[in-house]
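Everything on this sheet refers to the single structure shown next.
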Amino acid sequence: MAVVFHHLLSIDEALLKVDEALGGVRPLGSEKAALDEALGRVLAQSIEAKVDSPPFDRSEVDGYAVEASSVYGAEEDRPIRLKVVGESRVGALPQVSVSEGEAVEIATGAPMPRGANAVVMVEYSKEELDGSVLVYRSLVPGENVAQAGSDVMVGDMALRQGILLTHREIAVIAALGHDDVVVYRRPRVAVLSTGDELARPGDLLAPGKIYDVNGVAISQMMKELGASPQYFGIVPDDYGDLKRVIEEALASHDLVLTSGSTSAGLGDVIYKIFDELGEPGVVVHGLKIRPGKPTVAAVINGKLAVGLPGFPVSAMIAFSVFVQPMLLKMMGLRASPKSWSERARLAHAVQAGRGRREYIPVNLVTAPEGLVAYPLLKGSGSTSTLAMADGFIEVEEMRESLEEGEMVGVRLFSSRVQLADLTIIGSHCPGVDLVLELMGKMEAKVINVGSTGGWLAVKRGEADIAGTHLLDAESLVY
935 MAVVFHHLLS
945 IDEALLKVDE
955 ALGGVRPLGS
965 EKAALDEALG
975 RVLAQSIEAK
985 VDSPPFDRSE
995 VDGYAVEASS
1005 VYGAEEDRPI
1015 RLKVVGESRV
1025 GALPQVSVSE
1035 GEAVEIATGA
1045 PMPRGANAVV
1055 MVEYSKEELD
1065 GSVLVYRSLV
1075 PGENVAQAGS
1085 DVMVGDMALR
1095 QGILLTHREI
1105 AVIAALGHDD
1115 VVVYRRPRVA
1125 VLSTGDELAR
1135 PGDLLAPGKI
1145 YDVNGVAISQ
1155 MMKELGASPQ
1165 YFGIVPDDYG
1175 DLKRVIEEAL
1185 ASHDLVLTSG
1195 STSAGLGDVI
1205 YKIFDELGEP
1215 GVVVHGLKIR
1225 PGKPTVAAVI
1235 NGKLAVGLPG
1245 FPVSAMIAFS
1255 VFVQPMLLKM
1265 MGLRASPKSW
1275 SERARLAHAV
1285 QAGRGRREYI
1295 PVNLVTAPEG
1305 LVAYPLLKGS
1315 GSTSTLAMAD
1325 GFIEVEEMRE
1335 SLEEGEMVGV
1345 RLFSSRVQLA
1355 DLTIIGSHCP
1365 GVDLVLELMG
1375 KMEAKVINVG
1385 STGGWLAVKR
1395 GEADIAGTHL
1405 LDAESLVY
């Protein structure tokens, strides 16, 4: 007899259930990582500056280090002559000092000599044959000089624990003299796809079979987040095989993610296996969302296991709204990066089912007043939606629709929006794809919404080209 989802939970309720069963979702420990391996890791210890950065006063330009008062009043038609007494090069302390009426030739990044407090840019100077230099511009003290500690001073908190390390943060760590950094351990995640209907990409597709999308897609999403996934492949809907593979995965991983076999069908057995493998077992069996309702979560002897739906769009959205927040906590990240969200104006109204939170994939295009979100309504089994969607919007439980022109928040599937060089909106035309192939490197975005939608998009400045079909009045053929 099939199982019915009697008690659906909201996302917040489900996350709380898991948190309580695990005794808190938290980081998995820390380790040291070399700087060239720290990209995408999460900082586990705040970094306090032990040295000033820069560690000495240095020139920001090529030119001449001077005492600013020596060039007061210098102008294009009344240059001031200074005696050049030496030079300062990068990587060595200058062996000369500067007095009134003197200058030291200096390179960008070189230490400032004693007595100098400003640098004349080489463009405002002229070297003379007698060893002097003419200066054609006045300076103020500190001009073109980076003071010691102007970037970071000794004792400053340079970077705080719990931030995602990008190339920018790693540059700061290197500037402070560190060659490694303490980061949180990456969560080890086992990913497996279930279903007798699945075939491995690359295999010959037999009748009744479909290619496994979720295993590859979910693994790559986790890599983008900074987790360490291991794909276990496709496991048929055999109770014994599934139980054995999941048990092995739990023994060596922090989180097990399955897709498929989670709904209420006769062949869907993931929730039974989760319940049998350990305590407390299944804590979430169904979410009050669409798509993604048949999501299952269990805590099995201190380890988390989540069963995602089999349809690709359902799996990706359930992963984004339910698994991702827990995964980021395991990684030690304090908050989801704001770069994964955007604000956009809704291109047209959408309907939703009251009483559950609905997530709708959208395609983003640029318009004169900002981003515009075009809803993609192909259904949760559509694989083309995955390629077209930049992210998704949310319709809250107590709303039945979102209105055209309404400003909405867009959760991105990846860390950046792929903005197009050319946007084509309107009726579908097979010839467009051929033309775009011939155009080569231009990044194009094609959204099929019908002829009228295309005309309006061009009028609003959202599209460069509108595809349209013309009806022959006599034959009634487009």
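Taking this note's numbering, the leading residue of the sequence shown gets 935, the next gets one more, and so forth. Beta carbons are placed, not taken as given, at the ideal position from N, Cα and C, and that holds for glycine. No experiment lies behind these values; they were computed from the predicted model shown.
Opening and closing residue of the alpha helix (DSSP H) in which residue i lies
i: L1063; result: Unbroken run through L1063: none, as it is neither H nor E.
i: V1369; result: P1364 to M1373
i: E1181; result: Y1173 to S1186
i: L1320; result: S1318 to M1322
i: S1031; result: No alpha helix (DSSP H) contains S1031, which DSSP labels as neither H nor E.
i: L1390; result: S1385 to K1393
i: V1299; result: Element bounds for V1299: not the alpha helix (DSSP H) but the beta strand (DSSP E), R1291 to A1301.
C-beta atoms of residue i and residue j nearer than 8 Å
i: M1322; j: P961; result: no
i: A1307; j: V1344; result: yes
i: V1218; j: A1239; result: no
i: L1311; j: L1305; result: no
i: E1338; j: A1283; result: yes
i: V976; j: M1260; result: no
i: V1117; j: S964; result: yes
i: Q1258; j: L1138; result: no
Separation of residue j from residue i, as counted between CA atoms
i: K1157; j: P1121; result: 11 Å
i: L1200; j: F1256; result: The pLDDT assigned to L1200 is 44, lower than 50, so where the model puts this residue is not dependable; a value taken from the coordinates is nonetheless given after this. Straight-line Cα distance between these residues: approximately 25 Å.
i: K1017; j: L1110; result: 37 Å
i: V1123; j: S1385; result: 46 Å
i: A936; j: P1214; result: The predicted position of A936 is uncertain, since its pLDDT is 44 and thus under 50; a value taken from the coordinates is nonetheless stated next. So the alpha carbons of these two residues sit roughly 22 Å apart.
i: S980; j: Y1070; result: 47 Å
i: I1152; j: L1126; result: 10 Å
i: V1088; j: F990; result: 12 Å
i: K1227; j: G1220; result: 5 Å
i: I1327; j: A1252; result: 13 Å
i: I1168; j: A1161; result: 21 Å
i: L969; j: Q1095; result: 16 Å
i: V1450; j: E1039; result: Outside the shown range of the chain (935 to 1412) lies residue 1450, about which nothing can therefore be said.
i: L1184; j: R1178; result: 10 Å
i: E1036; j: P1075; result: 15 Å
i: G1325; j: V1342; result: 12 Å
i: D1146; j: P1246; result: 9 Å
i: Q1164; j: R1291; result: 31 Å
i: D1171; j: N1148; result: 16 Å
i: G1374; j: V1411; result: 33 Å
i: R1288; j: L942; result: 14 Å
i: P1028; j: G1049; result: 12 Å
i: V1296; j: Y998; result: 57 Å
i: H1403; j: G1241; result: 44 Å
i: I1207; j: T1192; result: 12 Å
i: Y1006; j: V1079; result: 17 Å
i: S1084; j: D986; result: 8 Å
i: V952; j: V1233; result: 7 Å
i: A972; j: G1020; result: 42 Å
i: V1032; j: V1000; result: 7 Å
i: E1340; j: R1277; result: 10 Å
Host beta strand (DSSP E) of residue i (start-end)
i: L1238; result: K1237 to L1242
i: V959; result: Segment: none, V959 is in no beta strand (DSSP E) and carries neither H nor E.
i: S1193; result: L1189 to S1193
i: A1050; result: Counting along the chain, A1050 falls outside any beta strand (DSSP E), and DSSP gives it neither H nor E.
i: Y998; result: G997 to V1000
i: P1309; result: G1304 to P1309
i: S1022; result: I1014 to S1022
i: S1275; result: S1275 to L1280
i: F1326; result: G1325 to V1329
i: K1379; result: A1378 to N1382
i: E1039; result: E1036 to I1040
i: L973; result: It is not in any beta strand (DSSP E) - L973 carries neither H nor E in the DSSP assignment.
beta-carbon residue i near the ligand COA non-hydrogen atom, thresh 7 Å
i: K1312; result: Inclusion of the ligand COA in the displayed structure is not the case, the ligand content being empty and no account of it being possible.
Notebook entry, point to check: Are three or more beta carbon pairs between the region 1050–1068 and the region 1098–1114 nearer than 8 Å?
Noted result: No, they do not touch.
Next item on the list: Determine, using beta-carbon pairs with one atom in the region 1319–1339 and one in the region 1362–1374, whether at least three such pairs fall under 8 Å.
Entry: No, they do not touch.
Checklist line | Unbroken stretches of the beta strand (DSSP E), 3 residues or longer, contained in the region 1067–1127 | finding: The DSSP assignment places complete beta strand (DSSP E) segments of no fewer than 3 residues inside the region 1067–1127 at 1091–1093 and 1114–1118, in order along the chain.
Note to self: Does the region 1060–1079 come into contact with the region 1009–1024, if we say contact requires no fewer than three beta-carbon pairs (one atom in each stretch) closer than 8 Å?
What the structure shows: At 8 Å Cβ cutoff, the stretches touch.
Margin query: Would the region 1389–1399 count as touching the region 1354–1363 if we require 3 or more Cβ pairs under 8 Å?
Written below: Under the 8 Å Cβ criterion, the region 1389–1399 counts as touching the region 1354–1363, having at least three qualifying pairs.
Next item on the list: Taking 8 Å as the threshold, find out whether the region 1032–1048 comes into contact with the region 987–1005 through three or more Cβ pairs.
Entry: Yes, the region 1032–1048 is in contact with the region 987–1005.
Next item on the list: At 3 residues or longer, and completely inside the region 1212–1269: list those beta strand (DSSP E) runs for me, N to C.
Entry: Under the rule that a run must span 3 or more residues, the beta strand (DSSP E) segments found entirely inside the region 1212–1269 read 1214–1219, 1230–1234 and 1237–1242.
Checklist line | Ordered list of alpha helix (DSSP H) runs contained in the region 1137–1174, each at least 4 residues | finding: DSSP runs (the alpha helix (DSSP H)) wholly in the region 1137–1174: 1148–1159.
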